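Inspection log for the structure reproduced underneath, given as structure tokens.
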Amino acid sequence: MTMIIQNILAIISFLTNSLLTFLIFTKSPKTMGSYKYLMAFMTGFELVYALIDLLIQPEIVTMNSLWVTMTSSKRAIVPLSVAYPLLLLWGGSFGIALASFGAHFLYRYFIVTGNKKWVSGTTFFTFWIGIPIASGFMYVFAIDYFLQLNQVMDGIVRAKLMVSEGVPGDQLRYFSSYLFLTTPSDPVSQLDWKQIQGLIFLCSTISLSLFTMIYFGLKTFSEIRKLQDTTSVSASSKTLQTQLFYSLVIQTTIPVILIHFPTTLIYISTFFNAAPPIQGTICTITISMFPAIDPLPSLIIIKPYRQAILGMGQVALKNASVRKYLQLKPAEVELTHFEFADSKYIFRFCPRGLVSEKNKVKV
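Counting from 1 along the sequence shown, just add 3 to a position and that's the residue number in our numbering.
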């Protein structure tokens, strides 16, 4: 059931992010500048994230005192030699998302304050794109190096996954967090300091990203309020800056709610040996929801994109109405208008019974 939900959410992710990418490149106002490329990078990342979900069907499995992020030959549609790097990238995507949003807030602050030195030119654009990419590599390295089980616990976990997945042990790929060298049944617990170092590293990078977002988010909000009182900036530009800011704020809260909170709860639960299997299932689903709904704030809040979507909807409704009328039989319609213009005959029809006497064409 979890895999079916993941597939549905991945398809929704492709639709929402593809639509946003199209609108970014076709409907973005010129005043948005190079920021649209940062937005496009984010939608591209979320498309890749959804693609990984489809390719390897990763799942978080909670076992009371530990959690495992895994895939298998039963789930993956790519070779396992490819599936494991993709699994690491899937795990490191949270770092990419947080660093990307942190860079967005910093970029928006420079834009609002008029500091164009740091937001113009190819070199600085590469710098902004490089921040989330570097963060992603750091996360992938940390997961692969720190989040590995000792030999005893690895054997226990592998045996359980072989039963639940129904595949041999060599057909499993996973990483795991378990903060002890001893098994849960041992009378004395011994900490695994390598795992703890990994946890400290990941928590530190998350805290840095969250601090950057909160600090520059508040400063940007303050500058936007000041911007409303200035007369040197057009009203449309002020409105756009406000819309971009609020859209970014909501987009940032989505991964925090769907990824950060559930994984934090799992860490707390496993530390107290109280993480039931359903907790991992819920976390897997909420993580898959992230790329599906993250584009929605931009599609709804940013006016040029919202108007374009409404316009496409109106065109679709008109086309549907035309097709409906074309399917009517001649006896079911009445001529309401006739004229000759630009060397063309123009006829207008309406379903019979919906035309008032004064609108009928007299012959």
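For glycine and all other residues, C-beta sits at the position ideal for the given N, C-alpha and C. Treat the numbers as computed from the prediction; the structure is a model and nothing was measured.
Using a Cβ-Cβ distance cut-off of 8 Å, the stretch 171–185 and the stretch 76–85 are in contact, since at least three pairs of beta carbons, one from each stretch, lie closer than that value. For Met156, the three-state secondary structure derived from DSSP is helix. Just measuring C-alpha positions, the residue of Val51, Pro82, Arg309 sitting nearest Gly94 is Val51. In the structure shown, Asn118 adopts coil according to DSSP, grouped into three states.
Restricting attention to Leu164, His107, Pro32, Ser16, the CA atom closest to the CA of Ile253 is found in His107. A Cβ-Cβ distance of about 7 Å is found for the pair Thr186 and Met156, placing them in contact under the 8 Å criterion. The alpha-carbon of Asn20 is positioned some 28 Å away from that of Val64. Between the alpha carbons of Gln246 and Met35 lies a gap of roughly 11 Å. Distance between Thr208 and Gly316, taken at the CA atoms: about 42 Å. For the options Lys241, Met4, Ser16, the alpha carbon positioned closest to that of Ala295 is the one of Ser16.
Pro279 counts as exposed, since fewer than 16 other beta carbons sit within 10 angstroms of its beta carbon. Here the alpha carbons of Ile303 and Tyr249 stand approximately 11 Å from one another. Distances from the alpha-carbon of Lys222 to those of Phe25, Tyr112, Ala100 put Tyr112 closest. In the structure shown, Thr24 falls within a helical segment according to DSSP collapsed to helix, strand and coil. Separation of the CB atoms of Leu23 and Ser301 is rounded to 6 Å, and the pair is thereby assigned contact status at 8 Å. As the crow flies, the alpha-carbon of Thr72 is around 6 Å from that of Phe178.
The three-state reading of DSSP puts Asn67 in strand, counting E and B together. When the alpha-carbon of Val160 is set against those of Gln244, Phe128, Trp70, the nearest one is in Trp70. In this structure, the CA atom of Leu90 is about 21 Å from the CA atom of Ile199.
In this structure, Leu313 sits away from Pro32, with a CB-CB distance that is not shorter than 8 Å. Ranked by how close their Cα comes to the Cα of Ile269, the residues Phe149, Gly283, Asp297 have Gly283 in first place. By the criterion of a C-beta distance shorter than 7 Å, Asn10 is surrounded in its chain by Leu57, once the five residues flanking it on both sides are discounted.
At a Cβ-Cβ threshold of 8 Å, Ile99 and Phe44 do not count as neighbours. Around the CB of Gly117, fewer than 16 other CB atoms lie within 10 Å, so the residue is classed as exposed. Between Leu92 and Ile55, the gap from beta carbon to beta carbon is short of 8 Å. Residues of the same chain with a CB within less than 8 Å of the CB of Ile136, apart from the 5 flanking positions on each side, are Ile99 in chain order.
With respect to Phe293, Ile271 sits apart: the two C-beta atoms are not nearer than 8 Å. Counting only runs that start and end inside the stretch 126–208, the beta strand (DSSP E) elements of at least 3 residues fall at 175–180.
Here the alpha carbons of Val236 and Ile7 stand approximately 49 Å from one another.
Under the DSSP definition of a beta bridge, Thr72 partners with Ile63, Phe178. For Lys241, the uninterrupted alpha helix (DSSP H) run begins and ends at 238–258, by DSSP. Of Ala53, Ile227, Val85, Leu213, the smallest CA-CA separation from Phe264 is found for Leu213. Ranked by Cα distance from Ser188, the options Asn276, Ile257, Tyr38, Ala53 are led by Asn276. The C-beta distance from Tyr38 to Phe128 rounds to 10 Å, too long to meet the 8 Å contact threshold. The alpha-carbon of Val143 is positioned some 21 Å away from that of Thr255.
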